[in-house]
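Undergrad: Numbering (this note's numbering), first residue to last: 476 to 935.
Have a look at this one:
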């Protein structure tokens with residue numbers, strides 16, 4: 476079945492009322508997270524990983540993808556009005572967008588960012604639709620040595636390129652590999668690095684690691700650099716729409732940004748920062764008014780914002796087809812796949828077509844939702860910037876703790892659902908062959924749990 480037919484089946488999944496609701500929740504929450512400075516989609520998805528024990532897999536990934544796309548949209552609001560990038564990928568947007576806001580053109584800056592994100596998101600999602608099957612056909616030819624080489628290349632590239640020190644990056648890489656090796660080896664059954672502790676036989680739970688690293692760690696990092704006093708928020712003034720001249724200056728940067736962002740986002744260590752800076756450089760070179768750059772050039776907002784959203788779509792291609800995360804958010808989503816016992820890779824499109832194509836179809840729907848959420852409702856999102864930072868960070872820590880404890884109760888007792896299930900299995904009567912079935916007498920109602928005749932005492 477070709478990609479177009481599969482996509483139509485995906486829309487049948489994504490357009491169900493519950494999946495539409497999850498998509499709306501994800502895009503709304505993602506936009507809010509993108510607007511709030513210092514937060515991001517990786518932190519948010521890490522906080523929500525415990526829902527994988529209750530929510531069906533397709534619905535959960537529609538939610539996570541909505542958060543991911545929504546955060547890319549919302550980050551531009553903080554950069555333009557507050558000069559504080561909500562995401563590292565929106566640093567470039569702040570260079571020109573905040574200047575436009577100070578010049579009374581905040582509405583045009585927000586409009587070109589939202590529409591550019593929509594255009595690039597649609598182009599990027601089309602890229603996923605038609606490129607994913609091609610990558611799968613190519614990946615099916617991989618052998619064990621090819622996969623090993625690919626993983627080594629990805630790990631080393633990410634560790635060496637990201638951050639200011641390659642040594643620290645590689646040290647973090649090997650520390651992460653060591654954490655992943657803890658537990659019983661699936662091939663040999665031998666315990667590795669458990670140090671005689673039975674609790675480590677199942678390995679380090681990925682939810683604990685993700686929440687600790689992205690939720691608790693990131694919150695403490697941001698809070699430690701919190702400065703007192705209020706930031707100056709540029710008020711919205713004038714029309715929230717663009718003039719004909721601004722449309723003419725924006726549409727080409729949108730397309731160029733999408734063309735730059737999607738392939739780089741799919742590369743190991745590509746991320747969203749590299750394509751946004753590259754798009755800014757390209758627009759500055761190609762602009763007919765280069766003298767405006769640094770003073771509020773609309774091309775400097777349109778191009779990088781398009782590259783940002785297209786790179787987010789590009790990240791999903793290697794994650795779904797090769798099981799290779801190329802960003803922190805993709806790594807958290809990969810751990811969510813593991814929570815469901817699903818292994819992303821070349822066979823995912825055959826083994827889980829409803830999940831994959833439902834997710835891709837939801838990206839198209841989410842892009843439309845985000846355009847509606849970010850243009851007419853921009854005044855509502857601006858009000859989120861007035862939330863006191865100490866209350867915000869404290870709330871994140873509380874939710875992180877609750878989510879982790881829900882998965883791992885302190886008392887050591889199992890979750891109530893598991894406990895109930897165990898209770899039912901332990902106390903269900905066992906009928907033995909050849910014995911007559913009798914009913915319990917009224918003494919059980921009085922609290923005396925006596926076994927009826929015809930049953931042996933099996934210990935419960």
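Idealized CB from N, CA, C, for every residue including glycine.
Here the structure is a predicted model, which is why all the values come from computation and not from measurement.
Inspect the beta-carbon positions of residue 767 and residue 728 and report whether they are closer than 8 Å.
TA: Contact: no.
Undergrad: When the Cα atoms are used, what is the spatial distance from residue 871 to residue 691?
TA: Roughly 8 Å separates the two Cα atoms.
Undergrad: Going by other Cβ atoms of all chains shown within 10 Å of its Cβ, with 16 needed for buried, is residue 895 buried or exposed?
TA: Any reading at residue 895 must be qualified, since the residue scores a pLDDT of 37, below 50, and its modelled position is unreliable; the value itself is stated next. Classification of residue 895: exposed, given that the 10 Å Cβ count is below 16.
Undergrad: In this structure, how does DSSP classify residue 580 when only helix, strand and coil are distinguished?
TA: Note: residue 580 maps to coil in three-state DSSP.
Undergrad: Could you check what DSSP says for residue 530 in three-state terms: helix, strand or coil?
TA: Residue state, collapsed to three classes: coil.
Undergrad: Tell me whether residue 740 sits in a helix, a strand or coil according to DSSP, three-state version.
TA: If DSSP states are grouped into helix, strand and coil, residue 740 belongs with the helices.
Undergrad: Helix or strand or just coil, what does DSSP make of residue 629?
TA: Three-state DSSP puts residue 629 in a helix.
Undergrad: By DSSP, does residue 494 sit in helix, in strand, or in coil?
TA: In this structure, residue 494 counts as helix in the three-state DSSP scheme.
Undergrad: Give the C-beta separation of residue 501 and residue 540 to the nearest angstrom, bearing in mind that I take them to be a contact with Cβ-Cβ under 8 Å.
TA: 7 Å between Cβ atoms; contact.
Undergrad: By alpha-carbon positions, which one of 831, 785, 826 ends up nearest to residue 591?
TA: Among 831, 785, 826, the Cα nearest to that of residue 591 belongs to 785.
Undergrad: Whole angstroms are fine: how far does the CA of residue 771 sit from the CA of residue 574?
TA: One C-alpha to the other measures close to 5 Å.
Undergrad: Pick helix, strand or coil for residue 658, following the three-state DSSP scheme.
TA: Strand, per DSSP.
Undergrad: Considering Cα atoms alone, identify which of 793, 543, 776 is closest to residue 823.
TA: The residue with the shortest Cα to Cα distance from residue 823 is 793.
Undergrad: Under 8 Å Cβ to Cβ from residue 885, same chain only, skipping five residues before and after it: list those, please.
TA: Confidence at residue 885 is low in this model, with a pLDDT of 47, below 50, so the placement of that residue is unreliable and no value is reported for it.
Undergrad: Give the DSSP bridge partners of residue 667, in chain order.
TA: BP columns for residue 667 point to 658.
Undergrad: Should residue 679 and residue 661 be called a contact, given that it needs their Cβ atoms to be closer than 8 Å?
TA: For residue 679 and residue 661, no; Cβs fall outside 8 Å.
Undergrad: CA-CA distance, residue 892 and residue 817?
TA: Confidence at residue 892 is low in this model, with a pLDDT of 37, below 50, so the placement of that residue should be treated as unreliable; the coordinate-derived value is given next. Cα-Cα distance, rounded: 22 Å.
Undergrad: Could you give the C-beta distance for residue 747 and residue 486, rounded to a whole number, given that I count them as a contact under 8 Å?
TA: Contact flag wrong, Cβ pair sits at about 27 Å.
Undergrad: Report the residue ranges of all alpha helix (DSSP H) runs contained in full by the segment 826-881; include only those spanning at least 4 residues, in chain order.
TA: Here the runs fully enclosed are 828-849, 853-858.
Undergrad: Could you name the residues of the same chain whose beta carbon sits closer than 7 Å to that of residue 606, not counting the 5 residues immediately before and after it, in chain order?
TA: The residues are 792.
Undergrad: Using a 10 Å radius around the Cβ and a threshold of 16 neighbouring Cβ atoms, would you call residue 665 buried or exposed?
TA: It is exposed - the Cβ of residue 665 has fewer than 16 other Cβ atoms within 10 Å.
Undergrad: Do the segment 747-759 and the segment 551-569 make contact, defined as three or more Cβ pairs closer than 8 Å?
TA: Because the criterion of three Cβ pairs below 8 Å is met, the segment 747-759 and the segment 551-569 touch.
Undergrad: Excluding the five sequence neighbours on either side, which residues of its own chain have a C-beta within less than 8 Å of the C-beta of residue 900, listed in chain order?
TA: Residue placement at residue 900 is poorly supported in this model, since its pLDDT is 36, which falls under 50; the coordinates still yield a value, given next. Hits under 8 Å: none found.
Undergrad: Run the CB neighbour count on residue 857, radius 10 Å, all protein chains shown included, and call it buried at 16 or more, exposed below.
TA: The residue is buried, with at least 16 neighbouring Cβ atoms inside 10 Å.
Undergrad: Have a look at residue 759 and residue 777 and give me their C-alpha separation to the nearest angstrom.
TA: Cα to Cα, the separation comes out at about 12 Å.
Undergrad: Check whether the Cβ atoms of residue 578 and residue 833 lie closer than 8 Å to each other.
TA: Cβ distance not < 8 Å, so residue 578 and residue 833 don't count as in contact.
Undergrad: Could you tell me how far apart the beta carbons of residue 783 and residue 547 are, in whole angstroms, since I believe they sit closer than 8 Å?
TA: Contact holds; Cβ gap of about 6 Å.
Undergrad: I need the DSSP call for residue 972, collapsed to helix, strand or coil.
TA: In the structure displayed, the chain extends from 476 to 935; residue 972 sits before or after that span and is not available.
Undergrad: Does DSSP classify residue 621 as helix, strand or coil?
TA: Three-state result, residue 621: helix.
Undergrad: Enumerate in chain order the residues of its own chain whose CB-to-CB distance from residue 674 is below 8 Å, with the five nearest sequence positions on each side excluded.
TA: Once the five neighbours on either side are set aside, residue 674 has no close Cβ partner at all.
Undergrad: In chain order, what residues of the same chain have a beta carbon less than 7 Å from the beta carbon of residue 583, not counting five sequence neighbours either side?
TA: Here the set comprises 575, 717, 721, 773.
Undergrad: From 820, 585, 526, pick the residue whose C-alpha is nearest to that of residue 849; which is it?
TA: Looking at the Cα atoms, 585 is the closest of the given residues.
Undergrad: So, residue 781 versus residue 594, is the Cβ gap smaller than 8 Å?
TA: Result yes, Cβ atoms of residue 781 and residue 594 sit closer than 8 Å.
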